[in-house]
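2 protein chains.
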Amino acid sequence: MTPEFDLIRRHFVRPMRAAALGPGDDCAVVAPSPGHELAITSDMLVAGTHFLPDTDPRRLGWKALAVNLSDVAAMGAVPRWVTLALSLPQIDHDWLAAFAAGFFDCADTFGVDLIGGDTTRGPLNLCVTAFGEVAAGRAIRRSGARVGDGIWVSGQPGRAALGLADLLGKVRLHGSAHDDCVAALEQPQPRVALGAALQGLATAMIDVSDGLLADLGHIAHASGLGAVVDDAALPWAPLHAACTDGKAVRDALLAGGDDYELLFCAPPEADDALAALSMRLALPLTRIGAMQSGDGVRLVDAAGAELPVGRRGYDHFA
Amino acid sequence: MTPEFDLIRRHFVRPMRAAALGPGDDCAVVAPSPGHELAITSDMLVAGTHFLPDTDPRRLGWKALAVNLSDVAAMGAVPRWVTLALSLPQIDHDWLAAFAAGFFDCADTFGVDLIGGDTTRGPLNLCVTAFGEVAAGRAIRRSGARVGDGIWVSGQPGRAALGLADLLGKVRLHGSAHDDCVAALEQPQPRVALGAALQGLATAMIDVSDGLLADLGHIAHASGLGAVVDDAALPWAPLHAACTDGKAVRDALLAGGDDYELLFCAPPEADDALAALSMRLALPLTRIGAMQSGDGVRLVDAAGAELPVGRRGYDHFA
């Protein structure tokens, strides 16, 4: 048993829920349910770019999977399988055990099997590819929004950005607000149940990974429409309670990524069903604006006057 | 248009052959043919570990895809789709254009669609996940070899290892042998047509990526058998003609990876069909030994006496 195969067997081979063939061959083999398509997403997480080098490996393991499950949820699909490719500077079994514990904690929480992957030597880098099932033709794309649709966001976007600002020493959060925002950053909760439940309700959907206004811009562009966000409707209060730096709060909510909340459009007829869904999932759903003809994303005050916006989101190469 | 999205659109978005939804949403969406399963493989290629930093980007683009298509072929599956995650130290459009040209050259050669992926900033690292289709229950695993099966290898393994030894200044290859061995290293030909054609003939299969004897060891272990390789049956002549260093030649053929030839087992009844297949594909298929009860991999001379073996293959963490 070579070191490479030993580390895979030791840390990453677990019993499967449902795969024709899991790790240990040239490929994994899976069979989607009849009448279903596969939704597929790949994300690469690089030390120093996506996470601080001293991030708790257990939380990193959780997050590496969670951000991909969020992409699957954002299609209205149900996550089923995942592959993990890992580049490591050296073998550190304590680090790997903690990373695997967090990864499988997330996998077990959302019913996902690790079916294969790769390990190699190099700068710390994780590449996760996740697979979800969605009934044929029912994937919720970014391009389906219609004029008059409401714009909705789940949960409390902006917390992860405040958590990062705190870790970087740019703001100072206290007590439970600190823990809550750092947890949002390091252990985000992909909205898996919500994503699947929005089948038949949402016309377009994306997860907020790069920033609320930037990601809304992707829906607007793909749908060939404009988006108007009502500043007063945004969920400001919990962020202002957590942080006294008003500019940091505005940047966090409008342009902060990394919360992995779902941002979606739905026609007004869906309002009652969305209220009931919010209750059932114990998850806030906030209507923050509406889709219009035109293009771009505008932020307006209660009188409808356009407000200036600084940053709209994150670009790795900006 | 941000730089990140611009570079994806500029270099990596091409028309699809067959995917329900390609790049540009949270997930790609694909539908396998009725009655088929998906064979899935992920490989990570790291600068300095898997390729020399000054490797021609066009050849690197080809190879990043080719090594994954080889894994799909080694299941007897037909490659259909691929995702690409790319970490780049900076945006170099000339490098990206050449990389994409090589990647799509390979994709077009083998009929594969790039359906999604990710780009980010960090040390140069490529992660490719490839998807193939195989009739349900027909994937050719490593574990299916039976006592008495012949052991076969395609093409000319060992060339890539000699090419690498030449680039590293350890041996000196001349003229067409040099070009041929460096091409085997930098632009390997995944045996896609052969893999699918071995449905119904091969009982077990793997691609030679880590080394002939090491990879044969995986088949032996998974099948619960031993493997005996007949030294005299191995295709030595072309390598000796290319390189006067006898030890380098032995290491290259027995322990060299990176050729991505297929190594498979087949019962003696398949011999005629394999000869016909070799003719049809214009690809040598060489019977190099047989499976026996027991375990491990032994190399024997014409009299059946065991020969010593130095290296058997590559381990990233050895």
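Chains as they are written, first to last, in my numbering: chain V, 51 to 368; chain P, 51 to 368.
The C-beta atom is built at its ideal place from N, Cα and C for all residues, glycine as well.
Per-residue contacts from residue i into chain P (C-beta, under 9 Å)
| i | result |
| --- | --- |
| Ile165 of chain V | Ile90 |
Where residue i falls, given that 16 or more other Cβ within 10 Å makes a residue buried
| i | result |
| --- | --- |
| Ala254 of chain V | buried |
| His224 of chain P | exposed |
| Gly98 of chain V | exposed |
| Met94 of chain V | buried |
| Ala291 of chain V | exposed |
| Ala352 of chain P | exposed |
| Arg209 of chain V | buried |
| Gly363 of chain P | buried |
| Leu357 of chain V | exposed |
| His143 of chain P | exposed |
| Glu183 of chain V | buried |
| Gly200 of chain V | buried |
| Thr169 of chain V | buried |
| Val96 of chain V | buried |
| Glu319 of chain P | exposed |
| Val197 of chain V | exposed |
| Lys297 of chain P | exposed |
| Gly219 of chain P | exposed |
| Arg109 of chain V | buried |
| Thr294 of chain P | exposed |
| His366 of chain V | Summary for His366 of chain V: the model assigns pLDDT 48, below 50, so the residue's position carries little reliability, and this model does not support an answer. |
| Ser92 of chain P | buried |
| Gly187 of chain V | exposed |
CB contact below 8 Å: residue i versus chain V
| i | result |
| --- | --- |
| Ala135 of chain P | yes |
| Pro207 of chain P | no |
| Met125 of chain P | yes |
| Thr179 of chain P | yes |
| Asp121 of chain P | yes |
| Ile256 of chain P | yes |
| Ala186 of chain P | yes |
| Pro129 of chain P | no |
| Arg192 of chain P | yes |
| Met66 of chain P | no |
Paired residues, beta bridge with residue i - DSSP
| i | result |
| --- | --- |
| Leu176 of chain V | V:Leu95, V:Leu136 |
| Thr169 of chain P | P:Leu136 |
| Glu183 of chain P | P:Leu88, P:Val128 |
| Asp340 of chain V | Reading the sequence as shown, one finds Ala at residue 340 of chain V and not Asp. DSSP output for Ala340 of chain V lists V:Gly200, V:Val278 as bridge partner(s). |
| Asp163 of chain V | V:Trp131 |
| Asp257 of chain V | V:Leu312 |
| Phe101 of chain V | V:Ala97 |
| Leu71 of chain P | P:Val79 |
| Glu356 of chain P | P:Val350 |
| Leu335 of chain P | P:Ser204 |
Interface partners of residue i on chain V, CB under 9 Å
| i | result |
| --- | --- |
| Ala316 of chain P | Within chain V, no residue comes near Ala316 of chain P; the closest Cβ sits about 17 Å away, beyond 9 Å. |
| Thr99 of chain P | Ser137, Thr170, Arg171, Gly172 |
Within chain P, the residues that residue i reaches when beta carbons sit closer than 7 Å
| i | result |
| --- | --- |
| Gly87 of chain V | Gly is not the amino acid found at residue 87 of chain V; the sequence shown has Glu there. Residues of chain P passing the Cβ test: Ala70, Val79, Val80, Ala81. |
Below-8 Å beta-carbon distance, residue i vs any chain P residue
| i | result |
| --- | --- |
| Ile201 of chain V | no |
| Ala189 of chain V | yes |
| Asp75 of chain V | yes |
| Thr253 of chain V | no |
| Thr105 of chain V | no |
The ligand SAM heavy atom lying under 7 Å from the CB of residue i
| i | result |
| --- | --- |
| Asp265 of chain P | Ligands are entirely absent from the displayed structure, and the ligand SAM is therefore not among its contents. |
Proximal chain V residues relative to residue i, where beta-carbon distance stays under 8 Å
| i | result |
| --- | --- |
| Pro173 of chain P | Val96, Gly172, Pro173, Asn175 |
| Asp93 of chain P | Ala135, Asp168 |
Examine the Cβ distances between the stretch 334 to 345 of chain P and the stretch 225 to 238 of chain P and report whether three or more of them are shorter than 8 Å. No, because fewer than three Cβ pairs between the stretch 334 to 345 of chain P and the stretch 225 to 238 of chain P fall closer than 8 Å, the two stretches do not touch.
Between the stretch 163 to 183 of chain V and the stretch 132 to 142 of chain V, are three or more C-beta pairs nearer than 8 Å? Contact between the stretch 163 to 183 of chain V and the stretch 132 to 142 of chain V is present, with at least three C-beta pairs closer than 8 Å.
Taking 8 Å as the cut-off, does the stretch 121 to 130 of chain P touch the stretch 189 to 198 of chain P (at least 3 CB pairs, one atom from each stretch)? Below 8 Å, enough C-beta pairs join the stretch 189 to 198 of chain P and the stretch 121 to 130 of chain P to call them touching: three or more.
Decide if the stretch 103 to 121 of chain V is in contact with the stretch 274 to 283 of chain P; the criterion is three or more beta carbon pairs, one per stretch, under 8 Å apart. Judged by Cβ distances under 8 Å, the stretch 103 to 121 of chain V makes no contact with the stretch 274 to 283 of chain P, as fewer than three pairs qualify.
Does the structure place the stretch 143 to 157 of chain P close enough to the stretch 142 to 158 of chain V that three or more beta carbon pairs sit under 8 Å? No: the two stretches stay apart, fewer than three of their Cβ pairs being nearer than 8 Å.
Touching or not, the stretch 263 to 271 of chain P and the stretch 307 to 325 of chain P, by the rule of three or more beta carbon pairs under 8 Å? Contact between the stretch 263 to 271 of chain P and the stretch 307 to 325 of chain P is present, because at least three Cβ pairs lie under 8 Å.
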